[in-house]
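**Student:**
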Amino acid sequence: MKTISLAALLLLGLASGAAAQQNDLVPPGWVRLPDRPEQPGPRYASPDGRAVLMGHASPADRPIRAEMDAIAFRDGERVTYQRRTRRFIAVSGYKGDRIFYRKSNLACDGRRWHHISLEYPAADKRKMDRIVTRIAHGMNRYDRCRRDAGR
């Protein structure tokens, strides 16, 4: 069975708005934003422009605990939820008046991390809960990689 990485899946949305809508990690109607040098991987904005989804992959080249700590703890954020297993970390909380959600899965037989993050106004929490859950669960389908991915 042919599999692709999370970053490749998010990049499928680059070709057209229709492709982005078919991508099960990018919600319908969200649009690709211009690339930013400081942000690896694609970014998408919600139709109203208030929420942003980002995704990328990185090598799993340091101890899992150190990587998970780097994912979980960032300056200026207040973590209110964190779950760690041997294969993923999910963390959520507040940065000012915005909510952040990050999930990273250990993929490619432990060789790579697949990362997604969402940021949105705290006032949109109820509206975003279902979207966040769908994206987080959808990531699990992309934990395997092509043999040549990341090499």
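Letter by letter, the sequence shown follows residues 5 to 155 of our numbering. Heads up, the beta-carbon is just placed ideally off N, CA and C, and yes, glycines get one too. None of the values given here were measured: they were computed from a predicted structure.
Give the DSSP-derived three-state secondary structure of E42 in the structure shown.
**Tutor:** Residue numbering aside, residue 42 sits at position 38 when the sequence shown is read from its first letter. E42: coil per DSSP, three-state reduction.
**Student:** Could you say which of R116, P32, R102, I75 lies nearest to R88 if we only look at CA atoms?
**Tutor:** Within the sequence shown, numbered from 1, the residue matching residue 88 stands at position 84. The shortest Cα separation from R88 among R116, P32, R102, I75 belongs to I75.
**Student:** How about the segment 126 to 137 and the segment 103 to 116: do they share at least three Cβ pairs that are nearer than 8 angstroms?
**Tutor:** yes
**Student:** Is the Cβ-Cβ distance between H119 and D147 less than 9 angstroms?
**Tutor:** Working through the sequence shown from its first residue, we reach residue 119 at position 115. Working through the sequence shown from its first residue, we reach residue 147 at position 143. Contact flag unset, no.
**Student:** Count the other CB atoms, across all protein chains shown, that sit within 10 Å of the CB of N144; report buried if there are 16 or more and exposed otherwise.
**Tutor:** Reading the sequence shown from its first residue, position 140 is the one you call residue 144. So N144 ends up on the exposed side.
**Student:** Using the three-state DSSP reduction, which class does E71 fall into: helix, strand or coil?
**Tutor:** Along the sequence shown, one-based indexing puts residue 71 at 67. In the structure shown, E71 sits in a helix (DSSP, three-state: H, G or I).
**Student:** Once you ignore the five residues that flank D128 on each side, which residues in its own chain have a CB closer than 7 angstroms to its CB?
**Tutor:** As a position in the sequence shown, residue 128 is number 124, starting the count at 1. The answer, listed in chain order, is R54, A55.
**Student:** Should A61 be labelled buried (16 or more other beta-carbon atoms within 10 Å of its own) or exposed?
**Tutor:** Stepping through the sequence shown from its first residue, residue 61 is reached at position 57. Looking at its Cβ environment, which holds 16 or more other Cβ atoms inside 10 Å, A61 is buried.
**Student:** What number of angstroms, rounded off, separates the C-alpha of P38 from the C-alpha of D113?
**Tutor:** In the sequence shown, the residue the question calls residue 38 occupies position 34. In the sequence shown, the residue the question calls residue 113 occupies position 109. Cα to Cα, P38 sits roughly 32 angstroms from D113.
**Student:** DSSP three-state call for G114: helix, strand or coil?
**Tutor:** The count along the sequence shown starts at 1 and reaches residue 114 at position 110. Helix at G114.
**Student:** From G33, T137, Y98, F92, pick the residue whose C-alpha is nearest to that of R78; which is it?
**Tutor:** Against the sequence shown, residue 78 aligns to sequence position 74. For the residues G33, T137, Y98, F92, the minimum Cα distance to R78 belongs to Y98.
**Student:** Hey, would you say G33 sits closer than 9 angstroms to P46, going by beta carbons?
**Tutor:** As a working note, residue 33 is residue 29 in the sequence shown. As a working note, residue 46 is residue 42 in the sequence shown. No; because the gap between Cβ atoms is not below 9 angstroms, this pair is not in contact.
**Student:** Going straight from the alpha carbon of E111 to that of I93, what length do you get?
**Tutor:** Within the sequence shown, residue 111 is the residue found at index 107, counting from 1. Within the sequence shown, residue 93 is the residue found at index 89, counting from 1. The sequence shown places Ala at residue 111, not Glu. Answer to the nearest angstrom: the Cα atoms are 12 angstroms apart.
**Student:** On the DSSP bridge list, what partners appear for I103?
**Tutor:** Stepping through the sequence shown from its first residue, residue 103 is reached at position 99. Beta-bridge pairing links I103 to Y98, Y124.
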